[in-house]
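Participant:
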Amino acid sequence: MREKILNKICSRLCKSWVVSCILTQASSSIMASKRISKELMDLQRDPPTNCSAGPVAANMFRWQATIMGPPDSPYAGGVFHVNVDFPSDYPFKPPKVSFKTQVFHPNVNSNGSICLDILKEQWSPALTISKVLLSICSLLTDPNPEDPLVPEIAHMYKTDRAKYEATARSWTQKYAV
Numbered sequence: 001m002r003e004k005i006l007n008k009i010c011s012r013l014c015k016s017w018v019v020s021c022i023l024t025q026a027s028s029s030i031m032a033s034k035r036i037s038k039e040l041m042d043l044q045r046d047p048p049t050n051c052s053a054g055p056v057a058a059n060m061f062r063w064q065a066t067i068m069g070p071p072d073s074p075y076a077g078g079v080f081h082v083n084v085d086f087p088s089d090y091p092f093k094p095p096k097v098s099f100k101t102q103v104f105h106p107n108v109n110s111n112g113s114i115c116l117d118i119l120k121e122q123w124s125p126a127l128t129i130s131k132v133l134l135s136i137c138s139l140l141t142d143p144n145p146e147d148p149l150v151p152e153i154a155h156m157y158k159t160d161r162a163k164y165e166a167t168a169r170s171w172t173q174k175y176a177v
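Just so you know, we're using the UniProt record's numbering here: the sequence shown kicks off at 1 and counts up by one.
1) Helix, strand or coil for Asp85, going by three-state DSSP, please let me know.
2) Which residues in the same chain have their Cβ closer than 7 Å to the Cβ of Thr172, if we skip the five residues on either side of it in sequence?
3) Could you spell out where the beta strand (DSSP E) holding Ala53 opens and where it closes?
4) Between Ile114, Arg45 and His155, which lies nearest to Ser138 when the distance is taken from Cα to Cα?
5) How many Å lie between Val106 and Ser170 at the Cα?
6) The beta strand (DSSP E) spanning Val97 covers which residue range?
7) What does a CB cutoff of less than 7 Å around Pro143 pick up in its chain, not counting 5 residues either side in sequence?
8) When we look at the beta-carbon of Thr49 and count the other beta-carbons within 10 Å, is it buried (16 or more) or exposed?
9) Give me the residue from Lys93, Ala162, Gln102 and Thr141 with the minimum Cα distance to Ala126.
10) I need the DSSP call for Ser73, collapsed to helix, strand or coil.
11) Just the C-alpha distance for Trp123 and Tyr90, rounded to the nearest angstrom, thanks.
12) Can you tell me whether DSSP reads Gln64 as helix, strand or coil?
13) Under three-state DSSP, which class holds Ser124?
14) Is it buried or exposed for Thr24, if we count other Cβ within 10 angstroms and need 16 for buried?
15) When DSSP builds the beta bridges, which residues end up paired with His105?
16) Using a threshold of 8 Å, state whether the C-beta atoms of Thr101 and Tyr175 are closer than that.
Have a look at this one:
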């Protein structure tokens with residue numbers, strides 16, 4: 001008898017916990033949706049220099065961004081496409097951002113992954129996708145060879161800047177024009 005009562009209590013607690021988790025996840029997703037919508041409106045009203053972004057089709061959690069290569073960099077004249085995937089608990093977790101366009105850079109690997117502190121341990125809910133895009137533009141102008149994703153390119157950047165810039169320009173012409 002006592003075992004049946006305990007099983008009933010456990011069953012109710014488990015159901016209650018599952019429902020609570022589902023509701024929490026749903027409200028988190030709704031909150032993320034509102035924040036993403038607000039950021040889209042802000043971006044359309046006041047876009048960052050040399051950047052644009054917006055949802056892919058009707059999916060507010062998946063965006064495509066475009067970054068124009070900064071004029072004072074070997075990426076000048078290039079048009080770089082970037083994927084942005086927002087998690088359901090955005091802005092408490094950072095978006096996943098990656099280059100679709102191949103780019104020769106010490107902080108970007110062949111899969112398009114970007115090594116940028118604000119996309120990882122330095123993420124803050126106060127940051128916006130607009131600030132992330134500006135940070136990526138800044139990274140194109142000023143790579144961080146001390147925290148590379150591609151050590152060989154970082155080494156070239158540090159030891160033979162002319163070769164690095166020529167290769168980056170060549171890749172920009174080949175893949176981003």
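Ideal Cβ positions, reconstructed from N, Cα and C, are used throughout, including at glycine.
Facilitator: Walking through what the data contain:
1) For the purposes of this step, residue 85 is taken as the residue at position 85 of the sequence shown. Correct three-state label for Asp85: strand.
2) Residue mapping note: residue 172 aligns to position 172 of the sequence shown, counting from 1. So the list reads Gly69, Pro74, Tyr75, Gly77 and Gly78, once near-sequence residues are dropped.
3) For the purposes of this step, residue 53 is taken as the residue at position 53 of the sequence shown. Secondary structure note for Ala53: its beta strand (DSSP E) is the uninterrupted segment Cys51 to Val56.
4) Taking the first residue of the sequence shown as position 1, residue 138 is located at position 138. Nearest to Ser138 by C-alpha distance, out of Ile114, Arg45 and His155, is Ile114.
5) The residue you call residue 106 lines up with position 106 of the sequence shown. The residue you call residue 170 lines up with position 170 of the sequence shown. Note that residue 106 corresponds to Pro in the displayed sequence, not to Val. Straight-line Cα distance between these residues: approximately 15 Å.
6) Locating residue 97 in the sequence shown gives position 97, where the first residue counts as 1. Its beta strand (DSSP E) spans residues Lys96 to Phe99.
7) Numbered from its first residue, the sequence shown carries residue 143 at position 143. For Pro143, where only same-chain residues beyond five positions count, the Cβ hits under 7 Å are His105, Pro106, Asn107 and Tyr157.
8) For the purposes of this step, residue 49 is taken as the residue at position 49 of the sequence shown. Flag for Thr49 reads exposed.
9) As a working mapping, residue 126 is identified with position 126 in the sequence shown. Comparing Cα positions, the closest option is Lys93.
10) One-based indexing of the sequence shown puts residue 73 at position 73. It is coil, neither helix nor strand.
11) Numbered from 1 along the sequence shown, position 123 holds the residue referred to as residue 123. Numbered from 1 along the sequence shown, position 90 holds the residue referred to as residue 90. Their backbone Cα atoms lie some 11 Å apart in a straight line.
12) The residue labelled residue 64 in the question sits at position 64 within the sequence shown. Strand.
13) By one-based count along the sequence shown, residue 124 stands at place 124. DSSP places Ser124 in coil when its eight states are reduced to three.
14) As a working mapping, residue 24 is identified with position 24 in the sequence shown. Note that Thr24 scores a pLDDT of 45, beneath 50, so its modelled location is shaky and nothing firm can be said.
15) As a working note, residue 105 is residue 105 in the sequence shown. Its beta-bridge partners are Val108.
16) Position 101 of the sequence shown, counted from the first residue, corresponds to residue 101. Position 175 of the sequence shown, counted from the first residue, corresponds to residue 175. The answer is yes: Cβ separation under 8 Å.
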